[in-house]
Structures are given as C-alpha cells and as structure tokens.
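Asks: Numbering (this note's numbering), first residue to last: 85 to 170.
One structure, pasted below without further comment.
The structure is reproduced here in structure tokens:
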C-alpha cells in the first residue's frame with residue numbers, strides 16, 4: 085500500500101489530495117515522519133525519498149510503502165492519529 089505526504093497535509097484540500105479530516109491532518113508532513121508513524125504501528129514501512137504523487141509530480145516529497153493489514157482508509161486514519169500524537 086502506498087502512502088504520500090499529501091494524504092495528511094493540513095494545507096491541502098480534499099480535491100488536492102488530502103485524505104484525512106482536518107482534525108487529523110498535520111502541517112507539512114514529511115515522508116520520514118509517516119515512515120516513523122508506520123514503524124510505531126508495526127506496518128513494516130519502506131521509505132522511498134525520490135518518488136512523488138502522480139498529481140503532484142513537481143513536488144518530490146517521497147512516499148512510504150506499508151504492509152496492507154486492513155482497508156486503506158483505516159490504515160491512513162491510524163497513521164494520521166499517530167502523526168497527530170507525535
């Protein structure tokens with residue numbers, strides 16, 4: 085399962101790629117912070133720094149690959165909650 089920082093970015097709208105509610109979104113998350121949150125949740129993450137979201141090809145923000153343990157929305161929400169805590 086692929087996770088991009090834009091999924092958790094508070095400054096983006098839903099149409100721009102954010103996938104979590106504003107209450108769980110954080111300001112300018114990095115792929116590294118998502119990697120650490122996924123590690124804490126035991127999702128066996130892999131960090132890919134040179135990748136980008138297809139719709140945001142001009143931002144090389146990286147991405148994180150994680151093990152699929154549940155529906156993508158549930159995994160994204162769990163990572164968002166962990167990002168908010170840290």
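All residues carry an ideal CB built from backbone N, CA and C; glycine is no exception.
1. So, helix, strand or coil for residue 147, using DSSP?
2. Measure the alpha-carbon distance for residue 120 versus residue 134 and round it to whole angstroms.
3. Sorted by chain position, which residues of the same chain lie with C-beta nearer than 8 angstroms to residue 169's C-beta, five sequence neighbours on each side aside?
4. Give the straight-line distance between the Cα atoms of residue 90 and residue 132, rounded to the nearest whole angstrom.
5. Identify which residue in 164, 160, 115 and 150 has its Cα closest to the Cα of residue 127.
6. Just how far apart, CA to CA, sit residue 159 and residue 141?
Replies: Walking through what the data contain:
1. strand
2. 17 angstroms
3. none
4. 15 angstroms
5. 150
6. 24 angstroms
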